[in-house]
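The opening position of the sequence shown corresponds to residue 23 in our numbering, with each subsequent residue numbered one higher.
Data first, discussion second: the structure below is written as structure tokens.
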Amino acid sequence: MLKIGDKAPDFEGIDQDGKSIRSANYNGKKLVVYFYPKAHTPGCTAEGCSLRDNYNALKTKGYEIIGVSKDPVEKQKSFHEKYDFPFPLIADTEKKIIEAFGAWGKKKFMGKEYDGILRYTFLIDKQGVITDIITKVQTKNHAEQILKNEK
23 MLKIGDKAPD FEGIDQDGKS IRSANYNGKK LVVYFYPKAH TPGCTAEGCS
73 LRDNYNALKT KGYEIIGVSK DPVEKQKSFH EKYDFPFPLI ADTEKKIIEA
123 FGAWGKKKFM GKEYDGILRY TFLIDKQGVI TDIITKVQTK NHAEQILKNE
173 K
């Protein structure tokens, strides 16, 4: 598991438009990388919309935002378009970014245990160092969580 103070993993993925998104493109910028289980589900929609609705406040604090799930490009595209997200959504179908950040693991739902994406958010500073990790995401108030924890 990554910790606060660790260097964030370098990554590259394909966004909803089929464009390559590389962490290196964000060097010198603050970054929010959030992992969500599945596009178009209630919790993931609430989380994305919280970030969308507070996008200007996050930008004012200097943040760029990237969402990551293992949904395919087509599903990311429809999710992105339906909710008019102003930030890219990476289709990490092979879980390379998800696993590099430690956002894959055991989950429980209705008494059953299974492996899946852990709803984690990483705040990364201009030097690429993790300044905060939010593991108890409040989907409807996620942007407020980020702004409150901003260092």
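Note that CB positions come from ideal geometry on N, CA and C, so glycine has one too.
Assigned secondary structure, ALA61 (DSSP; H/G/I helix, E/B strand, else coil)
coil
Grab the span of the alpha helix (DSSP H) containing THR82 for me, first residue to last.
77 to 82
Find out if the Cβ-Cβ distance for the pair ILE112, GLY40 is shorter than 7 angstroms.
no
Take every Cβ of the stretch 69 to 79, pair it with every Cβ of the stretch 113 to 130, and state whether three or more of those distances are shorter than 8 angstroms.
no
At what residues does the beta strand (DSSP E) containing GLU34 begin and finish?
34 to 36
Endpoints, beta strand (DSSP E) assigned at ILE156
152 to 156
Just to confirm my understanding: we take SER42, look at its own chain, exclude 5 residues before and 5 after, and list those with CB closer than 7 angstroms. What are they?
GLU34 and ILE36
Cutting at 8 angstroms between CB atoms, please list the residues of its own chain near LEU24, excluding the five before and the five after it.
ALA30, PRO31, PHE123, GLY124, PHE144, ILE152 and ILE155
Who are the near neighbours of PRO108 in its chain, counting only those whose CB is closer than 6 angstroms to its CB and skipping five residues on each side?
TYR77
Which two residues bound the contiguous beta strand (DSSP E) that contains ALA122?
No beta strand (DSSP E) contains ALA122, which is instead part of the alpha helix (DSSP H) from 118 to 122.
Would DSSP call TYR105 helix, strand or coil?
helix
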